[in-house]
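Chains as they are written, first to last, in this note's numbering: chain W, 10 to 256; chain D, 10 to 256.
In structure tokens:
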């Protein structure tokens, strides 16, 4: 069944006001009276809703649904700004794979420079991709998308997390492959994890120092070298496997 | 260091004959006498090699390298033919994530029809993507790319594997998330695994019956619904995490 995210708290009846949502509901899906959809408000609860009026965009809540597909931990991924449209792919796939937030920051070795208007436009585009992917993969929440203009602002957030992992290629080359699994065994439900990835050029030694000074841990993600847009997908799959499947 | 796959057995000296490889080596990378690269022959061993003659495309083998990044098991993924260029992405990412072979078959609910010349052309394109990704991710082998024209030929291969898993969305919906981890615990190094994925429409009940009749096991891949091109990336990451990192 078609699922839509709706801003704010659940009321009854519900009147949809977001233009894109209205367009998808009544022009693309051509909903009519008595059709049913799933609405998800900011409390993350899925609710079955029935169209009361297709001209007033009005719905009646039928019932709450028990369906919950979020990870037991909140995983944020943070990529160094990569070239081109790679963040589009990362955003779509990371949303399907359960990311709680999708961030990017200007890494020392990022080739692209995004700031001001360009950054805001990019962020808006990625937020739309996350919304669409969250609806399709039936998520309970839409991942937050955030592009940091200054690395210093990104660095300040590191202390907000229970664990911060640095996906570090040299660690992978050195064969240190047990750290992530060992660390994940100590993670408790409800905790906040952050995975930091470099841009195509990797993570600079200065950045490693800054991340480690804030308590981050270097981890390898398997013995193979992955592109910058592939590593976050591995990390999310690994956390899902460790915490959702391996019981 | 730049890595190239070379057909056949390792000799000494080596003369490169593949046109694309020659072009990349001597036009793109502009190798000259005494430059070093890594050559990987069909035995999967990486060898440091030095240019002897850039006009004759001749190399001298310096030494064998111990670097081995292949999974302890051979994982084949088989996707129902998906729409558009999705297999391009699957092939590139699955190669980075360690797939031993990347297959696709005409699923009951595949929308596209590929056969004859079109299939051969598609397969050739995907093989090039796999080769490029294998070089970039420093693999020891290039994954085999194979598009089956007939599903019956695909079905015949199932008995060649030690375990065949069906990535089945209904299983995920039913919350059966422990099967894959339980099964992977019984897998031994050197064994051959196959993961079967549907096309966008999923896997038909008739196909499920045929796969199960051949001994395949339905598994869920986490509680979220993934697009057809994302599920193989999850499966490969999960196997890597279970068998390469979780020790």
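Just so you know, even glycine gets a beta-carbon here, dropped at the ideal spot from N, CA and C. The structure presented is a predicted model; accordingly, all values stated were derived computationally and were not measured.
Length of the line joining the Cα atoms of residue 65/W and residue 25/W
Mapped onto the first chain, residue 65/W falls at position 56. Mapped onto the first chain, residue 25/W falls at position 16. So the two alpha carbons sit approximately 8 Å from each other.
Below 7 Å on C-beta distance, what does residue 232/W contact in chain D?
Your numbering for residue 232/W matches position 223 in the first chain. Ordered by position in chain D, the residues that pass the 7 Å Cβ test against residue 232/W are 78, 253.
Candidates 206/D, 202/D, 225/D, of which the one nearest residue 238/D by Cα
Residue numbering aside, residue 238/D sits at position 229 when the second chain is read from its first letter. Nearest of 206/D, 202/D, 225/D to residue 238/D, Cα basis: 206/D.
Euclidean distance between Cα positions of residue 3/D and residue 108/W:
It is not possible to answer for residue 3/D, since the shown part of chain D is limited to 10 through 256.
Relative to the C-alpha of residue 231/W, which candidate in 233/D, 254/D, 103/D has its C-alpha closest?
Residue numbering aside, residue 231/W sits at position 222 when the first chain is read from its first letter. Comparing Cα-Cα distances from residue 231/W to each of 233/D, 254/D, 103/D, the minimum goes to 254/D.
When the Cα atoms are used, what is the spatial distance from residue 162/D to residue 155/D?
Position 153 of the second chain holds residue 162/D. Position 146 of the second chain holds residue 155/D. Distance between the alpha carbons of residue 162/D and residue 155/D: 11 Å.
Under 7 Å between the Cβ atoms of residue 54/W and residue 73/W?
For the purposes of this step, residue 54/W is identified with residue 45 of the first chain, where counting begins at 1. For the purposes of this step, residue 73/W is identified with residue 64 of the first chain, where counting begins at 1. Closer than 7 Å, so yes.
Looking at chain W, which residues of the stretch 134–147 of chain D have a Cβ within less than 9 Å of any of its Cβ atoms?
142, 145, 146, 147
For residue 173/D, which residues does DSSP report across the bridge?
Within the second chain, numbered from 1, the residue matching residue 173/D stands at position 164. Beta-bridge pairing links residue 173/D to 203/D.
How far does the beta strand (DSSP E) with residue 153/W in it reach, from first residue to last?
Numbered from its first residue, the first chain carries residue 153/W at position 144. Note, residue 153/W: beta strand (DSSP E), 153–156.
I believe residue 225/W touches residue 167/W by the beta-carbon criterion, under 8 Å. Please report the beta-carbon distance rounded to the nearest angstrom.
As a first step, residue 225/W is located in the first chain; it is residue number 216 there, counting from the start. As a first step, residue 167/W is located in the first chain; it is residue number 158 there, counting from the start. Contact holds; Cβ gap of about 7 Å.
Against chain D, does residue 8/W count as a neighbour if the rule is that its beta carbon must be under 7 Å from one of theirs?
This structure gives no information on residue 8/W, because the portion of chain W shown stretches from 10 to 256.
Taking the straight line between their C-alpha atoms, what separation do you get for residue 248/W and residue 176/W?
Taking the first residue of the first chain as position 1, residue 248/W is located at position 239. Taking the first residue of the first chain as position 1, residue 176/W is located at position 167. When rounded, the distance between both Cα atoms is 13 Å.
How far does the alpha helix (DSSP H) with residue 104/W in it extend, from its first residue to its last?
Taking the first chain and counting its residues from 1, the one referred to as residue 104/W is at position 95. Residue 104/W -> alpha helix (DSSP H) spans 95–105.
Please list the partners that residue 210/D has in chain W, where partner means a Cβ-to-Cβ separation under 8 Å.
For the purposes of this step, residue 210/D is identified with residue 201 of the second chain, where counting begins at 1. Per Cβ cutoff of 8 Å: no residues; residue 210/D is ~14 Å from chain W at best.
Would residue 118/W pass as a contact of residue 210/W if the rule is Cβ separation under 7 Å?
As a working note, residue 118/W is residue 109 in the first chain. As a working note, residue 210/W is residue 201 in the first chain. Yes, Cβ-Cβ distance for residue 118/W and residue 210/W is below 7 Å.
Measuring CA to CA, which of 105/D, 83/D, 56/D, 158/D is closest to residue 18/D?
To locate residue 18/D, count along the second chain from 1; it is residue 9. For the residues 105/D, 83/D, 56/D, 158/D, the minimum Cα distance to residue 18/D belongs to 56/D.
Can you tell me whether DSSP reads residue 212/D as helix, strand or coil?
Taking the first residue of the second chain as position 1, residue 212/D is located at position 203. Residue 212/D: coil per DSSP, three-state reduction.
Nearest by alpha-carbon distance to residue 120/W: which of 48/W, 95/W, 200/W is it?
Taking the first chain and counting its residues from 1, one reaches residue 120/W at position 111. Answer by Cα proximity: 95/W.
Ends of the beta strand (DSSP E) at residue 52/W?
As a working note, residue 52/W is residue 43 in the first chain. From DSSP, residue 52/W is part of no beta strand (DSSP E); its letter is neither H nor E.
Residues in its own chain within less than 6 Å of residue 10/W by CB, not counting five upstream and five downstream?
Mapped onto the first chain, residue 10/W falls at position 1. Hits under 6 Å: 47.
So what does residue 69/W bridge to, in DSSP terms?
By one-based count along the first chain, residue 69/W stands at place 60. Beta-bridge pairing links residue 69/W to 59/W.
Under 8 Å: do the stretch 195–206 of chain W and the stretch 84–91 of chain W share three or more Cβ pairs, one atom per stretch?
yes
Would residue 201/W pass as a contact of residue 174/W if the rule is Cβ separation under 7 Å?
The count along the first chain starts at 1 and reaches residue 201/W at position 192. The count along the first chain starts at 1 and reaches residue 174/W at position 165. Their beta carbons are not under 7 Å apart, which means residue 201/W does not touch residue 174/W by this criterion.
Using a C-beta cutoff of 7 Å, does residue 239/W count as contacting chain D?
Numbered from 1 along the first chain, position 230 holds the residue referred to as residue 239/W. Answer yes: the Cβ-Cβ gap between residue 239/W and chain D drops below 7 Å somewhere.
With a cut-off of 7 Å, does the C-beta of residue 38/W fall near any C-beta of chain D?
By one-based count along the first chain, residue 38/W stands at place 29. Chain D contact via Cβ: absent.
For residue 190/D, would you say it is in contact with chain W, using Cβ-to-Cβ distances shorter than 7 Å as the test?
Counted from its first residue, the second chain places residue 190/D at position 181. Closer than 7 Å to some Cβ of chain W, the Cβ of residue 190/D qualifies, so yes.
Is residue 45/D helix, strand or coil when you go by DSSP?
Counted from its first residue, the second chain places residue 45/D at position 36. If DSSP states are grouped into helix, strand and coil, residue 45/D belongs with the strands.
Going by the beta-carbon positions, is the gap between residue 241/W and residue 142/W smaller than 7 Å?
Here the question's residue 241/W lines up with position 232 in the first chain. Here the question's residue 142/W lines up with position 133 in the first chain. For residue 241/W and residue 142/W, no; Cβs fall outside 7 Å.
What did DSSP end up calling residue 230/D once you bin it into helix, strand or coil?
Here the question's residue 230/D lines up with position 221 in the second chain. In the structure shown, residue 230/D sits in coil (DSSP, three-state: anything other than H, G, I, E or B).
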